[in-house]
Amino acid sequence: MLSPLIWFPIAGALLMACLPAKLNTAQVRGVALAISGAVVLWTIGLFTQFDLSLAGFQMREFMPWLPMLGLNYDVAVDGLSLMMIALNSLLTWIAIYSSAKTTARPRFFYSLILLVSGGVAGAFLAQNLLLFFLLFEIELVPFYLLISIWGGTKREYAATKFLLYTAIAGILIFAAFVGTVWLGGTLDFSYEQALSAQLPISAQVVLLSILLVGFGIKIPLIPFHTWLPDTYVSASPPIAILLGGVLAKLGTYGIFRFGLGLFPEAWSLISPFLAVWAAASVMYGAITAIAQKDIKRMVAYSSIGHMGYVMLGGAAFTELSIVGAISQMVSHGLILALLFHLVGVVETKVGTRQLDQLNGLMNPLRGLPMMSALLVLSGMASAGIPGLVGFITEFLVFQGSYSVFPIQTLLCVVGTGLTAVYFVILINRTCFGKLDNERAYYDKVTGNERAPALVLAALVVVLGLQPNWLVHWSETTSRSLVAAVPMAQDVRIALQADLGRLD
Amino acid sequence: MVGADIFAPNSLTGSLTGFFAQTSWLIPCYPMLGAAFSIFWSPALIRRSGPRPVGYLNLLMTVVALTHSSLAFVAMWHQPPQFLQLSWLQVADLNLTLPLELSALTLGASVVVTVLNLLVQVYAIGYLEMDWGWGRLYSLLALFEAGLTALVLCDSLFFSYILLEILTLGTYLIVGFWFNQSLVVTGARDAFLTKRIGDLILLMGVLALYPLAGTWNFSELALWAETVPANDAIAPLTLSLIGVALVWGPVSKCAQFPLHLWLDEAMEGPLPTTILRNSVVVATGAWVLVKLAPVILLSPVATGMVVVIGSVSALGGSLIAAAQIDIKRVMSYLASAYMGLIFVAVGSAQPETALMLVLTHAIATALLLMAVGSLILNVVTQDLTQMGGLWSRRPITGLSFLVGIAGLVALPPFGGFWALLNLLNDLVDSGQWWLVAVVMVTNAVAGFALMRMFGLAFAGKVTPSTTRAAEPLWLMVLPMVAMAGFTLHLPLVMKQAELLPNNLSLVSPMAIGLLASSALGLGVAIAFYILERITRPEKLLPPLLNRLLAYDFYTPKVYQFTVIALVDKLSQLTDWLDIYVVDGLVNLVGSVSLFGGESLKYINTGRMQFYVFVMAAVSLALGLYMSLYFLPKLPV
Numbered sequence: 325m326l327s328p329l330i331w332f333p334i335a336g337a338l339l340m341a342c343l344p345a346k347l348n349t350a351q352v353r354g355v356a357l358a359i360s361g362a363v364v365l366w367t368i369g370l371f372t373q374f375d376l377s378l379a380g381f382q383m384r385e386f387m388p389w390l391p392m393l394g395l396n397y398d399v400a401v402d403g404l405s406l407m408m409i410a411l412n413s414l415l416t417w418i419a420i421y422s423s424a425k426t427t428a429r430p431r432f433f434y435s436l437i438l439l440v441s442g443g444v445a446g447a448f449l450a451q452n453l454l455l456f457f458l459l460f461e462i463e464l465v466p467f468y469l470l471i472s473i474w475g476g477t478k479r480e481y482a483a484t485k486f487l488l489y490t491a492i493a494g495i496l497i498f499a500a501f502v503g504t505v506w507l508g509g510t511l512d513f514s515y516e517q518a519l520s521a522q523l524p525i526s527a528q529v530v531l532l533s534i535l536l537v538g539f540g541i542k543i544p545l546i547p548f549h550t551w552l553p554d555t556y557v558s559a560s561p562p563i564a565i566l567l568g569g570v571l572a573k574l575g576t577y578g579i580f581r582f583g584l585g586l587f588p589e590a591w592s593l594i595s596p597f598l599a600v601w602a603a604a605s606v607m608y609g610a611i612t613a614i615a616q617k618d619i620k621r622m623v624a625y626s627s628i629g630h631m632g633y634v635m636l637g638g639a640a641f642t643e644l645s646i647v648g649a650i651s652q653m654v655s656h657g658l659i660l661a662l663l664f665h666l667v668g669v670v671e672t673k674v675g676t677r678q679l680d681q682l683n684g685l686m687n688p689l690r691g692l693p694m695m696s697a698l699l700v701l702s703g704m705a706s707a708g709i710p711g712l713v714g715f716i717t718e719f720l721v722f723q724g725s726y727s728v729f730p731i732q733t734l735l736c737v738v739g740t741g742l743t744a745v746y747f748v749i750l751i752n753r754t755c756f757g758k759l760d761n762e763r764a765y766y767d768k769v770t771g772n773e774r775a776p777a778l779v780l781a782a783l784v785v786v787l788g789l790q791p792n793w794l795v796h797w798s799e800t801t802s803r804s805l806v807a808a809v810p811m812a813q814d815v816r817i818a819l820q821a822d823l824g825r826l827d
Numbered sequence: 104m105v106g107a108d109i110f111a112p113n114s115l116t117g118s119l120t121g122f123f124a125q126t127s128w129l130i131p132c133y134p135m136l137g138a139a140f141s142i143f144w145s146p147a148l149i150r151r152s153g154p155r156p157v158g159y160l161n162l163l164m165t166v167v168a169l170t171h172s173s174l175a176f177v178a179m180w181h182q183p184p185q186f187l188q189l190s191w192l193q194v195a196d197l198n199l200t201l202p203l204e205l206s207a208l209t210l211g212a213s214v215v216v217t218v219l220n221l222l223v224q225v226y227a228i229g230y231l232e233m234d235w236g237w238g239r240l241y242s243l244l245a246l247f248e249a250g251l252t253a254l255v256l257c258d259s260l261f262f263s264y265i266l267l268e269i270l271t272l273g274t275y276l277i278v279g280f281w282f283n284q285s286l287v288v289t290g291a292r293d294a295f296l297t298k299r300i301g302d303l304i305l306l307m308g309v310l311a312l313y314p315l316a317g318t319w320n321f322s323e324l325a326l327w328a329e330t331v332p333a334n335d336a337i338a339p340l341t342l343s344l345i346g347v348a349l350v351w352g353p354v355s356k357c358a359q360f361p362l363h364l365w366l367d368e369a370m371e372g373p374l375p376t377t378i379l380r381n382s383v384v385v386a387t388g389a390w391v392l393v394k395l396a397p398v399i400l401l402s403p404v405a406t407g408m409v410v411v412i413g414s415v416s417a418l419g420g421s422l423i424a425a426a427q428i429d430i431k432r433v434m435s436y437l438a439s440a441y442m443g444l445i446f447v448a449v450g451s452a453q454p455e456t457a458l459m460l461v462l463t464h465a466i467a468t469a470l471l472l473m474a475v476g477s478l479i480l481n482v483v484t485q486d487l488t489q490m491g492g493l494w495s496r497r498p499i500t501g502l503s504f505l506v507g508i509a510g511l512v513a514l515p516p517f518g519g520f521w522a523l524l525n526l527l528n529d530l531v532d533s534g535q536w537w538l539v540a541v542v543m544v545t546n547a548v549a550g551f552a553l554m555r556m557f558g559l560a561f562a563g564k565v566t567p568s569t570t571r572a573a574e575p576l577w578l579m580v581l582p583m584v585a586m587a588g589f590t591l592h593l594p595l596v597m598k599q600a601e602l603l604p605n606n607l608s609l610v611s612p613m614a615i616g617l618l619a620s621s622a623l624g625l626g627v628a629i630a631f632y633i634l635e636r637i638t639r640p641e642k643l644l645p646p647l648l649n650r651l652l653a654y655d656f657y658t659p660k661v662y663q664f665t666v667i668a669l670v671d672k673l674s675q676l677t678d679w680l681d682i683y684v685v686d687g688l689v690n691l692v693g694s695v696s697l698f699g700g701e702s703l704k705y706i707n708t709g710r711m712q713f714y715v716f717v718m719a720a721v722s723l724a725l726g727l728y729m730s731l732y733f734l735p736k737l738p739v
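One line per chain: the protein sequences are A and B, in this order.
Using this note's numbering, the letters of the first sequence map in sequence onto residues 325 to 827.
Using this note's numbering, the letters of the second sequence map in sequence onto residues 104 to 739.
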């Protein structure tokens, strides 16, 4: 059930590379869309087979690969992975759908996207630390190419920055993994073995810190975020959707799976610090977004803030906050994808992303009324207006975290207020106002541009009104994750006892 | 939403009216349905059908909602409240069910909301006769109707918060209706952000209350509040903080000082929406405040804050209203002032009186604003100083205006008098004399402001802008006259609905004092502006004070130089930090320590792709080789 999620897109990528050169871009895009559509259908199938009552991993597939390195092909799924897989399959399809029919070198472009999609799916499913690391690193090259070949201005610079940062993240994560296995004295790199590793608390804290920085770059958390605005802005909209919607989730997924999962004692020790970090990210992202003049850059900074909520939920590690955080990853993915898509459409039609040049797009005759309406919807969803999916996931995080970290949670609530500030700036300047009649000769928005936006908007609304369909998949997993983590209080008492013995 | 079940005894299930009571949760669904169908009238269909059908569709839905509310109201009359639960979300230890309270009070409020909406929608046909944005306007009016009816029916703080937030968004969109005017855009922005600030502080209270009380249901919260004084486990500071947080949601909704500016700016929206906003939408805050009263009254700090904010708003709002020359502004500051009186009522533990004030204020304000709208539509200006002599041309509007004033200011036997008298009697009983003074002064100044507005517009000489001002289309006059009828009949309705306490008497010191305060305010205004005993009454005040009131105590400036400047500068600062410090530092560390000169080489264009390709190819080849090498050893 799981392997096709990885290998079908990768095989598809190879197939795309072998397509005859005489096919035009639209046809190549059609093939890619079909392949990724099949993956989406397979993912829906996976949902029907997923057993909600099981707390651990299910549908495990195992095949020895390089046993002497401790590297095996070992995949399985739980509630957390399932949500991430769903997001990945859907957003890959959306990204391909939202790509222009005039993309240059289409076979290369779409095969890279499919390759990335397969790799990311593998990383979300991997039950082996080395396998996860390999698949995590595999994204690097295709994304580098996707940014540097099809990106906008400053693409070389952005792509290099992305590459360097991600490479450093990779090195740190690898170091932490290797450290876990060696210090823990386990037999191989399997997740199961790593879970049973017995590590002194000091080693745990060191390893966890390394992991946090590694994944923190990927998420990104401040101050490791500066690659993000440059990269997201330079990337073309479909790539920005994948970067912000899916790839950033590799970071939070990694932190939850390997940070929280492998080092629960250390996690509970440093969780107050994590909560402060999360709140700082939220505030910093939101405040910096207010100053931006480029709408794509504004959306990019909003992403920093919103990933902070995920971290807050993780830091609080109550059942509710973890469910909220996992759902927040999905809702952030959907909303950010919608925003990037719409910003892309606006840029294509109007030819600028600058706030001081955009105006009056809500105009029903000569503006882009439907895109503007959806922009309002997505901005409000991102600002956490109830009835849309962003609210309920943020609310679950807040309610789950409040009892543990009240101050940090309230700061994050202030952050949602600041989010409203910059989205109102964005909407007021872009959609409202008087359309410049001299310049307003925009191309019609095509069905191809409308469809992905409508699909995402429908999901944002439906999941906002009926959040059960979003949250109940990860409930059991969250419960078992939380059960594994001792309360910080207990850890400190145990630590003091340990230290007492040393004296 | 699944799993509707009634917990109360099913005494009603048999009758037909009982059926309507049981299905009251449908009331907000009708307007939502209308709003949903309005989407089809987005630009594409409007070009074929014209904008009208969407208006009629929404009107029909409002009529359905009104009929249902009325039948349910009849069914619940003299019945104990029933509670209906709709389960929404169950996750971890959080179980969110939407509790609905069906009682004569909530269904009665729902009738008021739907009646007002119906009249406003008819009024809008006339007011926006030529506008092509009907789809948007009517769907937003329907959104407000749905939100308001849902709010009065729902018995949960959490869902009330949700509805308030949705209405905040609704306010943003409806104020921004004519979005290509710059004042409209800033008005919409300020309305949204101010209300959002209140909403988020309320959210903080919502978050903090749950771990303590374990419930968000208003009725259970009231029970919980009774147990708190006996329970020492909760620190008074916590209770105060929660109480204060809960108050700020209503403060922003009700346009109370210092969050009152938005209501004035929101006047840039179409006038029919203003009627709805100033009469019932601002009152949502008061409604939630009344529902939360048991929790807020636990903390003396929060209670004190309610009273102080209410008093300041009542006095300040009415004084500012008396100094405005923009006819819409007068009404917006008066709304703040009356909401302030409602705050005073809640703060002095009189929730019933507060609700009575909400009702009398809503009816009278709606009438006054309908009259104002009928003036500005064809007088063209909103400037009172350019009006005059309208009585000869607009007798129906003038009469409606007078009826509205009588309904709002304490004049027996109209509604406002009884509500204010009730408030005063309780204040006297509890010995809060300074609040008695606040109410009296507010009443007098509000009376002055209203009569001044009437005098400037209707009395005096005809001006160039009023010579050709005839009564507008019957579609506007009819709702206005109907509203005047409601205002006149309100005391009878209140008596019938047993809202008036029996001990209210006209011959009591308080009644006479209240009447005197109204007479003073109205009389001075009549003398100044109708009989024109003094030519320039504004000269009576020192210019400094005059300006202070006319410019709303300079609150916009204060905000501009404090909060707005702070956020703006802070964002500039972090942006600068981000580019030059964080990015610079990390890049420096990254490039110097880890990659040294290598990274510089990568930046040279063209070669990077080659490096990356080689890296990818080699790692792929290595992987494949190793896989193949170990493959035969697989246990197949």
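Here a beta-carbon is modelled for each residue, glycine too, at the ideal position from N, C-alpha and C.
Since this is a predicted model, take the numbers as computed values, not measurements.
query: 8 angstroms contact criterion, which L538 (chain B) and V404 (chain B) should meet: CB distance rounded; result: With a Cβ gap of about 17 angstroms, L538 (chain B) and V404 (chain B) do not count as contacting.
query: Among B:L312, B:E574, B:Y230, B:L526, nearest to L374 (chain B) - alpha-carbon criterion; result: B:Y230
query: Integer-rounded CB distance, given that A447 (chain A) should sit under 8 angstroms from F467 (chain A); result: 13 angstroms between Cβ atoms; not a contact.
query: Whole-angstrom distance between S702 (chain A) and G700 (chain B), CA atom to CA atom; result: Note that G700 (chain B) scores 44 on pLDDT, short of 50, meaning its location in the model is unreliable and no value can be drawn from it.
query: Beta-carbon gap between V167 (chain B) and Y133 (chain B) smaller than 8 angstroms; result: yes
query: Under 8 angstroms between C-beta atoms of P659 (chain B) and L364 (chain B); result: yes
query: Start and end residues, beta strand (DSSP E) containing T398 (chain A); result: Checking the sequence, you will find Asp at residue 398 (chain A) rather than Thr. Element bounds for D398 (chain A): 395–401.
query: Contact under 8 angstroms by Cβ, L203 (chain B) with W191 (chain B); result: no
query: Three-way DSSP call (helix, strand, coil) for I418 (chain A) in this model; result: helix
query: Backbone CA spacing between F282 (chain B) and S706 (chain A) [nearest angstrom]; result: 22 angstroms
query: Chain-order list of residues whose beta-carbon lies under 6 angstroms from that of L470 (chain A) (same chain, five-residue window excluded); result: L436, I563
query: Contact with chain B by K758 (chain A), beta-carbon distance below 8 angstroms; result: yes
query: M434 (chain B), DSSP secondary structure in three states; result: helix
query: Chain B within 8 angstroms of A615 (chain A), Cβ atoms only; result: yes
query: C-alpha gap between A719 (chain B) and Q663 (chain B), whole angstroms; result: 55 angstroms
query: Contact set between the segment 461–472 of chain B and chain A, restricted to residues whose Cβ is under 7 angstroms from the partner; result: none
query: Chain-ordered residues of the segment 723–734 of chain A with a beta carbon less than 8 angstroms from chain B; result: Q723, G724, Y726, S727, P730, T733, L734
query: Proximal residues to P391 (chain A) (C-beta, below 6 angstroms), its chain only, five neighbours per side dropped; result: none
query: Per-residue burial, E463 (chain A) [other beta carbons within 10 Å of its own, 16 or more giving buried]; result: buried
query: Residues, ordered as in the chain, of the segment 278–291 of chain B that lie near chain A by beta-carbon distance below 9 angstroms; result: G279, F282, N283, Q284, S285, V287, V288, T289, A291
query: Start-end ranges of the beta strand (DSSP E) lying completely within the segment 172–249 of chain B, minimum 3 residues; result: 185–194, 197–205
query: Residue-chain proximity (I330 (chain A), chain B), Cβ-Cβ < 8 angstroms; result: no
query: Cβ neighbours of H549 (chain A) in the same chain (closer than 7 angstroms, five flanking residues each side left out); result: I628
query: Rounded C-alpha distance that separates K704 (chain B) from I646 (chain A); result: Its pLDDT being 46, under 50, K704 (chain B) is placed unreliably by the model, and the measurement read from it follows with that caveat. Cα to Cα, K704 (chain B) sits roughly 44 angstroms from I646 (chain A).
query: Short CB-CB distance (under 8 angstroms) between H830 (chain A) and chain B; result: Coverage of chain A is limited to positions 325 through 827, which leaves residue 830 (chain A) absent and any answer about it impossible.
query: Cα-Cα separation, K673 (chain A) to Y766 (chain A); result: 6 angstroms
query: A600 (chain B) to S592 (chain A) span [Cα, whole Å]; result: 59 angstroms
query: Collapsed DSSP secondary structure at D767 (chain A) in the structure displayed; result: coil
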